[in-house]
Structures are given as C-alpha cells and as structure tokens.
Amino acid sequence: MVIGYGEGTDASRTTPYFASTPEQSAAFTWGPLCANNLAKHLLDYRYEDTRLAVVVKGCDSRGINRLLQDLQFPRERLVVLGVPCGGQLDRNLIAPEIPPGARLQGIEDTGKVYVLVTDKGRLSFPKDRFLMPKCYLCETNMPVVADFMAGDPVPSPAREGSDRTAEVNEIEALDVAARSSFWDNEFSRCLRCNACRNVCPACSCKECVFEQAVPGWQQSGIIGSKANSLPENMVFHLVRMFHVIGRCVDCGECERVCPVDIPLRLLYRKTLKDAHILYGAGTPGMSTEVQSPLSEFSPEDPEEFM
7 MVIGYGEGTD ASRTTPYFAS TPEQSAAFTW GPLCANNLAK HLLDYRYEDT RLAVVVKGCD
67 SRGINRLLQD LQFPRERLVV LGVPCGGQLD RNLIAPEIPP GARLQGIEDT GKVYVLVTDK
127 GRLSFPKDRF LMPKCYLCET NMPVVADFMA GDPVPSPARE GSDRTAEVNE IEALDVAARS
187 SFWDNEFSRC LRCNACRNVC PACSCKECVF EQAVPGWQQS GIIGSKANSL PENMVFHLVR
247 MFHVIGRCVD CGECERVCPV DIPLRLLYRK TLKDAHILYG AGTPGMSTEV QSPLSEFSPE
307 DPEEFM
C-alpha cells in the first residue's frame, strides 16, 4: 500500500490517499496543497503484516524518524518516498480567494508564484505572502530520510536571516502575569477534540493518559496527594508538552489541525529552544542515530539548572 495525496473536496486542499493497486495510484497528486503530514498513518498498520510506502516532505520526514526511533513501526516494512518541497500554501489565506465551487485543474510554479489553474480561472499566489508560517522558517525542505526521491531539488521557502525563536522570545519577554493571561486566553478556546494529539508523530502511546477510565492525574486529585488546581485545558496542553519535550519534530501539524487556531507550535518551539540551551539538542528527527536529550545520560551534561 502507498500513502500519498489525492484530490481534495475543493480547489484549496488535498486529502490523504491510499492506493493498493497500480490503477488506484493514478489518482495521486503532489503540489503546494499537500500540507498533511502522513507519517502518523503508519500507526494504523503497525500490527498488520503490511508493507507500506509513504510520501514525505522535509518536515514530514522528521516525523518518520521519530516513529522509527520510538520503535513504533518496523523499518523493514517501510519505503519512504521523498519529495522536494518549495513551500505549502496556507489554506486559511487562499481559500477566500478561490471562487466557490471551483475545481482544480492544475498547478504551476513560476519560481516566486504558485498559480492554481481552475475551471473558473487562474489564481496567482506569491510565495512571500501565501505560504504557511512554518514554511518561512523551514529547516529541511528536502527529506532527511528517503529510499527514493521524486523530482529535483527546489529552493527552500525559508526567509533569509529568519529567526526561528523570534516569537518565542517575544512571549518570554512578557512578565509572568502577561504570559499567564496570554495562555489562559488561548487554552480557554480549546475544545479538547484531541486533533493535536492524534496528528502528532511524537504522541504514540497505546493508551493515552487522558483516555484512561480513572487517569493517574485524576486519582491524585481524588486522594488529595497531588490535587490539581489548574484549568483542565491547561493541564491537557502542559502534560502533552512535557511528554514531547526533546521529541517534537516541529512539523507544525498540531497548529494546522487546531479548529480554534491555538498557536500550539509556539508552545513546542519554546521546548525546542530550551532543549537546545540546556542540552545542546538540535531539532529532533534529523537522524535516527541521535537520541532525544531526555532519553540518555552523559556525565558532561550541563547542570546549571539543578
């Protein structure tokens, strides 16, 4: 089976597509509307004797390495199909520009502009205005792991001189009360739909703590030993954050799928920054040979935080 991208429900999107025969593979597509990270779909088949091939962009490939390093899927059953990525269009920005009911007929890349060819006309979207925010901070627009590559290398959409920690620094500069107010407001809109957890390559527990009949974090409150006084939504996001520290691959899927647009990637980029400062860790998922900073011990570990 091959997991890739197929035509979406409108001209502004694609959808994950699964092909088991050569005839079905004719429906595959690729372009700047393929934002989904397909890595997590591997877990749907981890207990089956099925060999899978999956299409990955650069940021997606880090998710593949995350799953392999966590022993969530056997490498011998996986074929990684890499594709070069020049940046993905932000659906929130382009959808209002597309006529209702328009059907996509093709996509042209002129270098600085993506042109969507529809049955209702040609629509131009300059890359410096209409890409997803994460693309302007792109670290690897070419897959870091691939058994086969499709297409030639393309220029990275990353903006020259961009600071990957700029937004994190802005929040850090606020006083404690302002930071608390910022996150209280963001988390208050959370629907607890679990979309961020479900799409995350670093969230692969067989039984999630938040789906236990009587989770340990609730039991502690019941018996009064470690009663929790934080809002439930905040507990959810902080616990998930702590679970993926040093493991988040910064693919940005949590933020993309959030139905209420909580800036979740900002939260996880803070953990990436801290892991780099405290342990010298780079972006997780760049290699299966580099262990997560919290999963190994070295006598040379800095101890300033102790």
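Residue numbers for the sequence shown, in our numbering: 7 to 312. Idealized CB from N, CA, C, for every residue including glycine.
Exercise for review: Compare the C-alpha of residue 254 against each of 94, 207 and 90 and name the closest.
Suggested key: The closest CA to that of residue 254, considering only 94, 207 and 90, is found on 207.
Check your understanding: Closest by CA to residue 280, which one among 303, 266 and 247?
Key -> Closest by alpha carbon: 247.
Exercise for review: Using three-state DSSP, classify residue 130 as helix, strand or coil.
Suggested key: Correct three-state label for residue 130: strand.
**Study point:** Beta-carbon contacts of residue 132 that lie in its chain and below 7 Å, excluding the five residues immediately before and after
**Key:** 118 and 119.
Exercise for review: Give me the Cα-Cα distance between residue 214 and residue 245, rounded to the nearest whole angstrom.
Suggested key: One C-alpha to the other measures close to 11 Å.
Check your understanding: Of all the alpha helix (DSSP H) runs that stay within the bounds of the stretch 268-310, which reach a length of 4 or more residues?
Key -> Taking only runs of at least 4 residues, the alpha helix (DSSP H) segments lying wholly in the stretch 268-310 are 270-285.
Practice item. Name the two residues that bound the continuous alpha helix (DSSP H) containing residue 173. Key: Bounds of the alpha helix (DSSP H) holding residue 173 are 172-178.
**Study point:** Environment of residue 45 [buried if 16+ CB atoms lie within 10 Å]
**Key:** Burial call: buried.
Exercise for review: Could you tell me if residue 88 is buried or exposed, where buried requires 16 or more neighbouring beta carbons within 10 angstroms of its beta carbon?
Suggested key: Residue burial annotation: residue 88 is buried, with at least 16 other C-beta atoms found within 10 angstroms of its C-beta.
Point to revise | Pairwise C-alpha distance: residue 302 and residue 126 | key: Residue 126 and residue 302: Cα-Cα distance of roughly 56 Å.
Check your understanding: Does the distance from the C-beta atom of residue 86 to that of residue 123 stay below 8 Å?
Key -> Contact annotation: residue 86 and residue 123 have beta-carbon atoms that are not nearer than 8 Å.
Point to revise | Closest residue to residue 210 among 26, 79, 9 and 18 (Cα-Cα distance) | key: The option with the nearest alpha carbon to residue 210 is 79.
Exercise for review: Can you give me the Cβ contacts of residue 300 inside the same chain, cut-off strictly under 6 Å, excluding the 5 residues immediately before and after it?
Suggested key: Counting only Cβ-Cβ distances below 6 Å, and skipping sequence neighbours, we find 252.
Practice item. Output yes or no for whether 8 Å exceeds the beta carbon distance between residue 5 and residue 68. Key: Absent from the structure is residue 5, since the part of the chain shown begins at 7 and ends at 312.
Check your understanding: Hey, quick one: how far does the beta strand (DSSP E) through residue 110 stretch, first residue to last?
Key -> Element bounds for residue 110: 110-115.
Review point. Where in the stretch 23-67 do unbroken runs of the beta strand (DSSP E), each at least 3 residues long, occur, reported from the N-terminal end onward?
Key: The stretch 23-67 is shown to contain whole beta strand (DSSP E) runs of 3 or more residues at 58-62, in chain order.
Check your understanding: Taking residue 290 as the reference, which of 272, 70, 38 and 29 has the closest Cα?
Key -> Checked all of 272, 70, 38 and 29; the closest Cα to residue 290 is 70.
Check your understanding: Three-state secondary structure (DSSP) at residue 103?
Key -> Helix, per DSSP.
Review point. Looking at the structure shown, is residue 251 part of a helix, part of a strand, or coil, going by DSSP?
Key: Reduced to three states, the DSSP call for residue 251 is coil.
Review point. Can you round the beta-carbon distance between residue 73 and residue 48 to whole angstroms, since I take them to be within the 8 Å contact cut?
Key: A Cβ-Cβ separation of about 6 Å places residue 73 in contact with residue 48 under the 8 Å criterion.
Practice item. Pull up the distance between the alpha-carbon of residue 161 and that of residue 178, whole angstroms please. Key: Rounded to whole angstroms, residue 161 to residue 178 spans 32 Å at the Cα level.
**Study point:** Residue span of the alpha helix (DSSP H) that contains residue 263, given as start and end
**Key:** Where residue 263 is concerned, the enclosing alpha helix (DSSP H) starts and stops at 259-263.
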